[in-house]
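Each remark here refers to the structure printed beneath this line.
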Amino acid sequence: DLPKGGRNIYVIRDPKDVVVSFYNFMIGWYLEPGSVSFETFVNDQFCVGSRSGRYWEHVLSWWPTRGRDDCLLVAYEDLKETPRAQVMRVAEFIGLDASDETIDIATRQSGFEFMKAHEHQFDDHLVAQTRDEICGIPPGGASSKLGSGGVRPQLTSELNAKLDEIWTGTIGSELGFADYSALRGSLNTAS
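Heads up, the final residue of the sequence shown is numbered 194 in the working numbering, and it's a clean run with no missing numbers.
In structure tokens, the structure reads:
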């Protein structure tokens, strides 16, 4: 539903990394730290879905757009592994004839180190302040979307198996990809 001429950039990511990132994001935003275990979150929130739906169906809804002129599908892991090449892809996609200097600046300023050093520019502190006041939450909570680099929750073998089963029943059955790695490889081949 974008206005005419609008562009979509859709970033896919391994669902096993998505769930860890989503859990870390939700703690401090919607869940009090320590109130919900990682295993409970995976089972009762991520696997079931939220008001926004489930990860797998979301990916399936965007997959057919990968050949459209107004859509660019990018793997999160590629953004991390080859950031300059991905910035160049985005520049080309949006029709920007960028100089090497501009690409270098965009690459540096979209990197974790820069974003962490300027974290307040990338958080949702204004949303958090408004939400906290309305919900009666004490001020000063975290609103960062940037990881801390600290200890991350680990998927147990049971949770891994459950996520694999959901993959097989959704993306695997719809698109024929055995796992995320296969989907990512196909995306890169098609790009």
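By construction, the Cβ of each residue, glycine as well, lies at the ideal position given by its N, Cα and C atoms. Only a predicted model underlies this, so the values are computations on that prediction, with no experimental measurement involved.
Beta-bridge pairing by DSSP links A78 to I15. Note that the C-beta distance between I97 and R10 is below 8 Å. Cα atoms of T192 and G179: separation of roughly 15 Å, rounded to the nearest angstrom. Judged by beta-carbon spacing, W66 lies beyond the 8 Å limit of I169, meaning their Cβ atoms are not closer than that value. Three or more beta-carbon pairs separated by less than 8 Å are not found between the region 70–84 and the region 32–48, which leaves the two stretches without contact.
Per DSSP, A181 lies in no alpha helix (DSSP H) segment and is marked neither H nor E.
Just so you know, the alpha carbons of V62 and V93 end up roughly 20 Å apart. Ranked by how close their Cα comes to the Cα of F49, the residues R71, D72, P18 and P36 have P18 in first place.
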